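The following block contains the structure:
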């Protein structure tokens with residue numbers, strides 16, 4: 014899919030304007046839980062975003078004062094009790110595929126978090142590139158509280174890199190809620206804004222990123238992940254190759270020509 018202007022999902026809200034897509038879950042009366050269907054459709058959406066030429070950045074927003082309450086107790090947690098090991102693994106791999114698709118979509122992804130952000134919702138926020146919160150945001154990796162391990166959808170790999178090993182261990186072992194203030198102080202949230210300003214702040218940032226060099230942003234997002242498993246020497250060489258590719262883009266030429274003309278570059282993403 015090269016164009017998502019007409020994209021119409023069934024299990025979450027979607028809108029797109031001037032290169033920015035906004036995704037929100039659509040069950041505000043229950044604090045926006047995920048279902049089997051919304052998991053799968055979100056996964057497919059982010060895979061499609063990787064091929065979309067008309068979307069440059071993405072906001073995953075809140076709805077009705079909450080971000081996401083995790084897997085629906087009645088529509089996911091209950092049915093999981095009846096599955097065998099193969100069925101359970103099929104489900105856990107699907108949830109992991111959502112995170113893989115988010116990481117691999119090539120677009121800067123901003124989580125705009127208000128209120129409840131727990132379980133899989135906390136993972137979605139964690140897997141975003143930038144996180145903005147309101148003072149009411151309460152984030153919990155609550156898997157231990159329902160008898161599960163904290164190692165869910167990449168949490169044990171990503172969360173320590175964001176907030177540190179000890180802090181991540183505390184949240185994953187206890188399942189306790191992290192306040193917005195803690196989240197900002199620990200580096201989970203980039204900043205805290207008033208609830209009335211959350212959507213506007215996220216959209217303003219997303220639009221500024223959408224106006225930037227799209228190919229270069231894709232490369233930055235890719236290297237931020239790939240360099241986790243590289244030595245320093247490997248990372249320096251990989252970045253040399255990545256930057257050489259970026260230097261072949263028209264956006265690099267546009268930036269140079271704009272600098273010479275003392276003008277603002279108009280990036281087109283190629």
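Residue numbers (our numbering): 14 to 283. The beta carbon of each residue, even a glycine, is placed where N, CA and C say it ideally should be. In this text, all values refer to a predicted model and were calculated from it rather than measured experimentally.
Between residue 230 and residue 251, the alpha-carbon positions lie close to 16 Å from each other.
With respect to the 8 Å criterion, residue 146 and residue 126 are classified as neighbours on the basis of their beta carbons. The three-state reading of DSSP puts residue 58 in helix, counting H, G and I together. Counting along the chain, residue 126 sits inside the beta strand (DSSP E) bounded by residues 122 to 126. As the crow flies, the alpha-carbon of residue 42 is around 10 Å from that of residue 79.
Judged by their CB atoms, residue 32 and residue 68 are nearer to each other than the 8 Å cut-off. Note that the stretch 59 to 77 touches the stretch 106 to 118; at least 3 beta-carbon pairs, one per stretch, sit closer than 8 Å.
Going by beta carbons, residue 47 and residue 83 fall inside the 8 Å limit. For residue 164, no beta strand (DSSP E) run applies, since DSSP gives it neither H nor E. Collapsing the DSSP output to three states places residue 206 in coil. Counting C-beta pairs with one atom in each stretch, the stretch 238 to 254 and the stretch 208 to 217 have fewer than three that are closer than 8 Å, which means they do not touch.
Per DSSP, the unbroken alpha helix (DSSP H) holding residue 186 starts and ends at 178 to 187. At least 8 Å separates the beta-carbon of residue 204 from that of residue 195. The beta carbon of residue 138 sits closer than 6 Å to those of 124, 126, 130, 144, all from its chain and outside the five residues before and after it, given in chain order. Taking C-alpha positions only, residue 136 is separated from residue 275 by approximately 43 Å. Counting C-beta atoms within 10 angstroms of its own C-beta, residue 40 has 16 or more neighbours from the protein chains shown and is therefore classed as buried.
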